[in-house]
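All the letters of the sequence shown, read from the start, carry residue numbers 18 to 151 under my numbering. These notes are about the structure you will find just below.
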Amino acid sequence: MRFIRDLKEIGAKDIQIAGGKGANLGELIRIGMPVPEGFVISAQAFERFLKETDTEAEIQTRWDKINIGDVESIEEASEIIRSLILGGRFPEDFGDEILHAFDQLGARYVAVRSSATAEDTKIDSWAGELETYL
């Protein structure tokens, strides 16, 4: 399975692969709008990362223990989950695929953005919640 997809390869139908932002960027390319070259790391790549680092079950356990009415409970779980993810080691082939895609861009500067598969729905809005790295 390919975990990296060029923006030119995706479109509106690919939200479950590339998230809303990624799919829409691909769609803009399809209709001829000027969009910088780029790629997405698929949602399936993140799922594989969670499985291979054995963090999926621990994250679910922490998630299940959150008291939604207690901000401290949410903050504590958030910090633990973030630490679990940041402490995980990328599968080697996956890291190689990301580095290859990055090298293919040939760009001096890039933006790393989130693109959730369930962002900005009728019940959820993630605008401004996730980080961007330049």
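Where a beta carbon is used, it is the ideal one built from N, C-alpha and C, also for glycine.
Close CB contacts of residue 55 within its chain, under the 6 Å cut and outside five residues either way in sequence, are with 24 (chain order). Residue pairing by DSSP puts residue 58 in a beta bridge opposite 21.
Look at the beta carbons and you see the region 125-137 touching the region 35-43: at least three pairs across the two are nearer than 8 Å.
Secondary structure note for residue 41: its alpha helix (DSSP H) is the uninterrupted segment 32-47. Around the beta carbon of residue 95, fewer than 16 other beta carbons sit within 10 angstroms, so the residue counts as exposed.
In this structure, DSSP gives residue 129 an extended state, which the three-state scheme calls strand. Residue 83 sits close to residue 90, with the two beta carbons spaced by under 8 Å.
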